[in-house]
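Q:
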Amino acid sequence: MQTPGYKEPLYAPFERYRMMRATQPVFQHPDWGGWQVFRYVDVSRVLSEHATFSSDARRMAQSEGSQGDADPLGSSILQMDPPRHRQLRNLVSQAFTPRMVAQLEPRITAITNELLDHVTAAGEMDVVRDLAYPLPVTVIAEPVDGQRLSTVELLGFCGLLLVAGNETTTNLLGNMILCFDEHPDVVDRLRANRALVPGAIEETLRYYSPVKGMTRVTTTETILGDQRIGPDQIIIAWIGSANRDEAEFPDADRFDIEREPNRHVAFGRGIHFCLGAPLARLEAKVALNAMLDRLPGRWQVADVPLEMINSFILLGVKKLPMTWGA
89 MQTPGYKEPL YAPFERYRMM RATQPVFQHP DWGGWQVFRY VDVSRVLSEH
139 ATFSSDARRM AQSEGSQGDA DPLGSSILQM DPPRHRQLRN LVSQAFTPRM
189 VAQLEPRITA ITNELLDHVT AAGEMDVVRD LAYPLPVTVI AEPVDGQRLS
239 TVELLGFCGL LLVAGNETTT NLLGNMILCF DEHPDVVDRL RANRALVPGA
289 IEETLRYYSP VKGMTRVTTT ETILGDQRIG PDQIIIAWIG SANRDEAEFP
339 DADRFDIERE PNRHVAFGRG IHFCLGAPLA RLEAKVALNA MLDRLPGRWQ
389 VADVPLEMIN SFILLGVKKL PMTWGA
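All residue numbers for the sequence shown refer to the numbering used here, where the first residue is 89 and numbers rise by one.
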């Protein structure tokens with residue numbers, strides 16, 4: 089695969105993922121002792137089997153020899169096991185049902201058009217600064233009714249919403265433009281057939297997954313691949329690698345907006361499947377349709393080095409200058 093110079097930082101993890109799937113799909117790091125999992129079948133199992141692969145931040149902290157309560161994110165549902173996970177998830181799940189999220193579409197459309205109003209005449213924008221970042225931030229900040237949480241749990245939810253309701257969607261939108269820049273014919277196809285928009289969003293989620301990986305800790309001895317793993321072992325399930333696994337996705341390194349089936353794990357699996365998935369998909373759909381309506385001609389990302397966000401688990405860029413109309 090050719091790697092244009094300005095995209096080398098973006099491509100780098102996928103080259104490593106490919107090598108690890110082929111040579112060491114379940115790998116114990118020699119320095120810190122944790123395990124890394126790269127194949128689709130193994131990543132799916134780690135994400136799905138919460139009884140064996142725990143999300144409990146306190147258990148992870150004990151395994152690492154640190155204090156779990158020091159991190160407010162440890163009190164979010166992202167890092168909890170049942171029964172408390174179920175109780176907190178039920179508390180907010182009604183706000184994220186497809187029906188409730190669909191009611192937000194007019195407001196999301198208005199916000200998107202307000203943001204595009206500031207850039208359409210210029211013929212250029214920074215996708216992250218001007219659209220991908222402010223859109224989900226504004227949507228998630230809209231006032232909603234809530235129930236009482238403890239202070240620590242409230243801090244955990246704030247952190248979770250900032251990541252799941254903001255950064256993940258920001259990176260999805262930015263990564264989608266990067267995909268289109270690599271495959272400029274896709275924009276013309278989408279203009280001609282808007283029915284392809286959902287497929288373009290799903291393929292972006294697979295191809296450049298906004299979340300690179302998730303961490304779990306084993307509760308008991310288990311076998312992954314051909315490796316026997318003891319209890320209290322840290323596991324990193326590389327979602328970005330699973331979504332490029334050739335065993336699950338034929339021609340996995342090809343960006344195909346009509347890929348079927350597309351059983352990616354970008355939003356996780358099991359009880360921790362992303363609550364905000366319907367909202368992220370809706371925001372991406374509204375934003376993409378508005379851009380197709382209002383940004384004519386060829387979309388082109390500036391030929392400048394990409395600076396990746398500083399995150400172990402998220403994939404995205406800090407800035408993404410683009411032009412249109414040429």
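In this text, a Cβ means the ideal position worked out from N, Cα and C, and glycines have one as well.
Do residue 317 and residue 123 count as a contact pair if the criterion is CB distance below 8 Å?
A: At a Cβ-Cβ threshold of 8 Å, residue 123 and residue 317 count as neighbours.
Q: What does the alpha-carbon distance come out to for the pair residue 387 and residue 413?
A: 7 Å
Q: Can you tell me which of 120, 366, 396, 290 puts its alpha carbon nearest to the alpha carbon of residue 186?
A: 366
Q: Which full runs of the beta strand (DSSP E) of 3+ residues lie inside the stretch 317-347, going along the chain?
A: Here the runs fully enclosed are 322-326.
Q: Using alpha carbons as the reference points, say which of 204, 342, 324 lies closest to residue 274.
A: 342
Q: If residue 262 sits next to residue 215, beta carbons under 8 Å apart, how far is it from one beta carbon to the other, in whole angstroms?
A: Confirmed, about 6 Å.
Q: Give every residue of the same chain whose Cβ lies closer than 6 Å to the Cβ of residue 376, excluding the five residues on either side of it in the sequence, and list them in chain order.
A: The beta carbon of residue 376 sits closer than 6 Å to the beta carbons of 285 from its chain, once the five residues preceding and following it are set aside; these are given in chain order.
Q: Kindly indicate the opening and closing residues of the beta strand (DSSP E) around residue 303.
A: Per DSSP, residue 303 belongs to the beta strand (DSSP E) from 301-306.
Q: Quick check on residue 196: buried or exposed, where buried means 16 or more other Cβ atoms within 10 Å of its Cβ?
A: buried
Q: Just verifying my parser: in three-state terms, what is the DSSP assignment at residue 312?
A: strand
Q: Go ahead and pull the three-state DSSP assignment for residue 409.
A: If DSSP states are grouped into helix, strand and coil, residue 409 belongs with the strands.
Q: Have a look at residue 160 and residue 142 and give me their C-alpha separation to the nearest angstrom.
A: Confidence is the limiting factor: at residue 160 the pLDDT is only 38, short of 50, which leaves the residue's position unreliable, though a coordinate-based value still follows. Cα to Cα, the separation comes out at about 18 Å.
Q: State yes or no: is the C-beta of residue 203 within less than 8 Å of the C-beta of residue 353?
A: no
Q: List the DSSP bridge partners of residue 396.
A: 405
Q: Determine the contact status of residue 350 and residue 277, defining contact as a CB-CB distance below 8 Å.
A: no
Q: Three or more beta-carbon pairs under 8 Å between the stretch 305-325 and the stretch 391-399, yes or no?
A: No, because fewer than three Cβ pairs between the stretch 305-325 and the stretch 391-399 fall closer than 8 Å, the two stretches do not touch.
Q: With distances taken between CB atoms, is the gap from residue 333 to residue 127 smaller than 8 Å?
A: yes
Q: According to DSSP, simplified to helix, strand and coil, what is residue 212?
A: In the three-state reduction of the DSSP assignment, residue 212 falls in the strand class.
Q: Can you give me the start and stop residues for the alpha helix (DSSP H) that residue 126 sits inside?
A: Unbroken run through residue 126: none, as it is neither H nor E.
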